[in-house]
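See below for the structure under consideration.
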Amino acid sequence: MGSDFCYLVVPERHKDGAFHFHGLFANCDGLDFSPSGHFDDSGRIIFNIGSYHLGFTTATAVSNNESVTKYLTKYVTKELVESTKGKKRYWASRNCLRPIEETFCFDVCGKDVLCRELSEDVQHYKACEYNVNSKDCLSEYFENKYLTINAAAEEVV
C-alpha cells in the first residue's frame, strides 16, 4: 500500500450487538479487488477484497461523493451516539484532509434564528434524538456547500 492510501471507517451496530464496518478508501491500488459476479442497483460491479481474511467484504466504486458522505454520516450519528459515548465513532488515516472547525456560542434565540436561516439553503439536514443521563437530547445537522452546523445537545423539554 502506498503512502497516499487514505481511509475512513465507520462502525455500525446490529440489533444483536455485533458490529460491522463501512469504509471509504482512496489510492487503494494495492488492495486485491476481484469481481464478485454481482452488481448493485445502478449496475456497478460489486467487488470482494481478496486479501482481507477477517470476514466478508464488498466494495463498489464511488460515483457520487455527496451520497457517500450522507451514507457514512448516518452511521456516525445514528444509535452510536448512545452506545459509544466517550469512544471513537470513526477511524481515519492521518493523511486524510481534516475540516477547519470553529465553535460559536449562541443563546437559544440566536441559535433558532441561525437554524431557520440555514434551513432555507440547506442541502442536507438530519435530526438525531438521543438520551444522555436520562435526559432526552436533540442534535441537528445542517449542511450546505461550504458549511456544516451541528446545533447539538439541546435538551428536549
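For the sequence shown, the residue numbers in the numbering used here are -7 to 149. Here a beta-carbon is modelled for each residue, glycine too, at the ideal position from N, C-alpha and C. Here the structure is a predicted model, which means the values were calculated and not measured.
1. To which residues of the same chain is SER26 closer than 7 Å at the C-beta, ignoring the five residues directly before and after it?
2. Given that a residue counts as buried once 16 or more other Cβ atoms are within 10 Å of its Cβ, and exposed if not, what is PHE134?
3. Taking DSSP as the reference, what is the three-state secondary structure of ARG5?
4. Is GLY120 buried or exposed, if buried means 16 or more other CB atoms sit within 10 Å of its CB?
5. If you draw a straight line from the alpha carbon of GLY78 to that of PRO3, how long is it in whole angstroms?
6. Measure the alpha-carbon distance for LYS66 versus TYR82 and round it to whole angstroms.
7. How many angstroms separate the CA atom of ASN19 from the CA atom of TYR(-1)?
8. Taking the Cβ atom as the reference point for each residue, do VAL1 and PHE11 lie within a distance shorter than 8 Å?
9. Measure the CB-CB distance between LYS62 and HIS116 and report whether it falls below 8 Å.
10. Figure out for me which residue from ASP32, LEU23, VAL114 has the closest Cα to the Cα of HIS45.
11. Taking the C-alpha atoms as reference points, what is the distance between GLY(-6) and ASP104?
12. When the distance is taken between beta carbons, is THR52 closer than 8 Å to ARG36?
13. Please classify TYR117: does DSSP put it in a helix, a strand, or coil?
Answer, in terms of the structure:
1. Along the sequence shown, read from residue 1 onward, the residue named residue 26 stands at position 34. These residues qualify, in order along the chain: PHE39, ASN40, GLY42.
2. Counting from one through the sequence shown, the residue named residue 134 turns up at place 142. It is buried - the Cβ of PHE134 has at least 16 other Cβ atoms within 10 Å.
3. Stepping through the sequence shown from its first residue, residue 5 is reached at position 13. In the displayed model, ARG5 falls within a strand according to three-state DSSP.
4. For the purposes of this step, residue 120 is taken as the residue at position 128 of the sequence shown. The displayed chain sequence assigns Cys, not Gly, to residue 120. Buried, because 16 or more other Cβ atoms sit within 10 Å of the Cβ of CYS120.
5. Working through the sequence shown from its first residue, we reach residue 78 at position 86. Working through the sequence shown from its first residue, we reach residue 3 at position 11. Answer to the nearest angstrom: the Cα atoms are 15 Å apart.
6. For the purposes of this step, residue 66 is identified with residue 74 of the sequence shown, where counting begins at 1. For the purposes of this step, residue 82 is identified with residue 90 of the sequence shown, where counting begins at 1. Distance between the alpha carbons of LYS66 and TYR82 is about 12 Å.
7. Working through the sequence shown from its first residue, we reach residue 19 at position 27. Working through the sequence shown from its first residue, we reach residue -1 at position 7. A direct Cα-Cα distance of roughly 9 Å separates ASN19 from TYR(-1).
8. Along the sequence shown, read from residue 1 onward, the residue named residue 1 stands at position 9. Along the sequence shown, read from residue 1 onward, the residue named residue 11 stands at position 19. No, these two residues do not count as a Cβ contact at 8 Å.
9. Taking the first residue of the sequence shown as position 1, residue 62 is located at position 70. Taking the first residue of the sequence shown as position 1, residue 116 is located at position 124. LYS62 is a Cβ neighbour of HIS116, given a cutoff of 8 Å.
10. In the sequence shown, counting from the first residue as 1, residue 45 sits at position 53. Answer by Cα proximity: LEU23.
11. Translated into the one-based positions of the sequence shown, residue -6 becomes position 2. Translated into the one-based positions of the sequence shown, residue 104 becomes position 112. CA-to-CA, the gap between GLY(-6) and ASP104 works out to about 47 Å.
12. Here the question's residue 36 lines up with position 44 in the sequence shown. Here the question's residue 52 lines up with position 60 in the sequence shown. Yes, these two residues count as a Cβ contact at 8 Å.
13. Stepping through the sequence shown from its first residue, residue 117 is reached at position 125. Reduced to three states, the DSSP call for TYR117 is strand.
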